[in-house]
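One structure below.
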Ligand SMILES: Cc1cc2nc3c(=O)[nH]c(=O)nc-3n(C[C@H](O)[C@H](O)[C@H](O)COP(=O)(O)O)c2cc1C
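Spelled out as structure tokens, the structure:
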């Protein structure tokens, strides 16, 4: 059944979404997060022209896989016709939501008048959304920043235009493009967007646990939150925060569970990319899992272990990680 943003969509998608992250949210990561209870997770951004040219690495980014509660493809592009065509292709392949990126600050993207550069062209955003909505039956959503810079905080206007053109939900990262990732996300500034949009708004930026999720929702009036960096090396965070928001315990896996998660993620990576590329692609996840774990307690020891483990061949990772976390396992068992 299609997702209807005018009714009880949080029932289907939850209130804690995992952000699209280039170089992170590939299919093995999304499947791992889904197995841990995440309900909404988006692909890495997919450039429309490269998708339509069937570039193999870009096709992999848009990979539709089994074991996902909902398939969300994120597109980035400048030309409404190309975005519409890419949306059609994605929906035909199984996308159930198509998100369009108007937030990416990277020069390589803004230099092509895509991503957050489009915050300076609200009418083009409306034209892109309208063309995508015309092309497919699945919901089109948008993701944006507060504006290009502090002198042009136009997210409310952009959101209003995007929704009038057919967008069904709006995610707002509470920073401007000029800020990139500096400063702190301004959740209160998202409130104006929520007022103007007339559609569900999802607050994003610097949300890392249930306390920050609650604050972000309270200050912004958003219906849900989206987590980016804090989900790297912690693909269970969606369920953990969701549970805490509903009054349950804030679940964090112990060392034994974490080891099983890492091993399963590695297995998925090897099977998706093949052994060589899979091991390579997994390295940054392994580094993130080690960084995110509280063991060993000594940060220097963790850094050394990360450097050592990230050089190991894939078939030695499980044993090395088990050795690293065994003292914590034994302490917890005692
Ligand atoms: C490594 C990385 C890659 C990202 N790639 C994308 C992307 O492909 N599409 C997108 O809309 N945002 C992307 N973002 C932005 C995040 O989705 C999110 O908006 C931002 O990180 C703020 O949320 P956070 O403070 O929870 O990390 C990326 C962020 C990071 C750190």
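Residue numbers (this note's numbering): 615 to 948. Quick reminder that beta carbons are idealized off the backbone N, C-alpha and C, glycines included.
For residue i, three-class secondary structure by DSSP
| i | result |
| --- | --- |
| residue 636 | coil |
| residue 759 | strand |
| residue 891 | helix |
| residue 1010 | Within the shown structure, residues of the chain are numbered from 615 to 948, placing residue 1010 beyond reach of any answer. |
| residue 784 | strand |
| residue 796 | coil |
| residue 713 | strand |
| residue 921 | helix |
| residue 742 | helix |
| residue 672 | helix |
| residue 572 | Only positions 615 to 948 of the chain appear in the structure, and residue 572 is not among them; the question remains open. |
| residue 790 | strand |
| residue 840 | strand |
| residue 815 | strand |
Option nearest residue i by Cα separation, candidates the options
| i | options | result |
| --- | --- | --- |
| residue 800 | 617, 782 and 761 | 761 |
| residue 927 | 903, 906, 892 and 943 | 892 |
| residue 787 | 738, 716 and 660 | 716 |
| residue 637 | 853, 675, 617 and 709 | 675 |
| residue 740 | 695, 930, 631 and 723 | 695 |
| residue 900 | 914, 930 and 888 | 930 |
| residue 679 | 828, 665 and 641 | 641 |
| residue 718 | 630, 668, 661 and 855 | 661 |
| residue 864 | 831, 872 and 825 | 825 |
| residue 686 | 803, 934 and 754 | 754 |
Residue i Cβ short of 8 Å to ligand 3 heavy atom set
| i | result |
| --- | --- |
| residue 669 | By its list of ligands, the structure shown excludes ligand 3, since it contains just ligand 1. |
Range of the contiguous alpha helix (DSSP H) that encloses residue i
| i | result |
| --- | --- |
| residue 852 | 851 to 859 |
| residue 825 | 824 to 834 |
| residue 943 | 928 to 947 |
| residue 724 | 721 to 724 |
Boundaries of the beta strand (DSSP E) in which residue i is found, first to last residue
| i | result |
| --- | --- |
| residue 661 | 656 to 661 |
| residue 688 | 686 to 690 |
ask   = Would you say the stretch 800 to 812 touches the stretch 771 to 781, given that touching needs at least three Cβ pairs under 8 Å?
value = yes
ask   = Within the structure, which residues are defined as neighbours of ligand 1 by a Cβ-heavy atom distance below 6 Å, reported in chain order?
value = 633, 634, 635, 636, 637, 638, 658, 659, 688, 715, 717, 718, 757, 787, 818, 819, 820, 821, 841, 842, 843 and 844
query = Are at least three pairs of beta-carbons, each pair with one atom in the stretch 617 to 634 and one in the stretch 689 to 696, less than 8 Å apart?
reply = no
ask   = Would you say the stretch 902 to 911 touches the stretch 929 to 947, given that touching needs at least three Cβ pairs under 8 Å?
value = yes
message = Any contact between the stretch 746 to 765 and the stretch 699 to 711? By contact I mean 3 or more CB pairs, one from each, below 8 Å.
response = yes
query = Is there contact here, the stretch 636 to 650 with the stretch 840 to 853, by at least three beta-carbon pairs under 8 Å?
reply = yes
task = Give a yes or no on contact between the stretch 810 to 818 and the stretch 778 to 792, applying the rule of three or more CB pairs nearer than 8 Å.
result = yes
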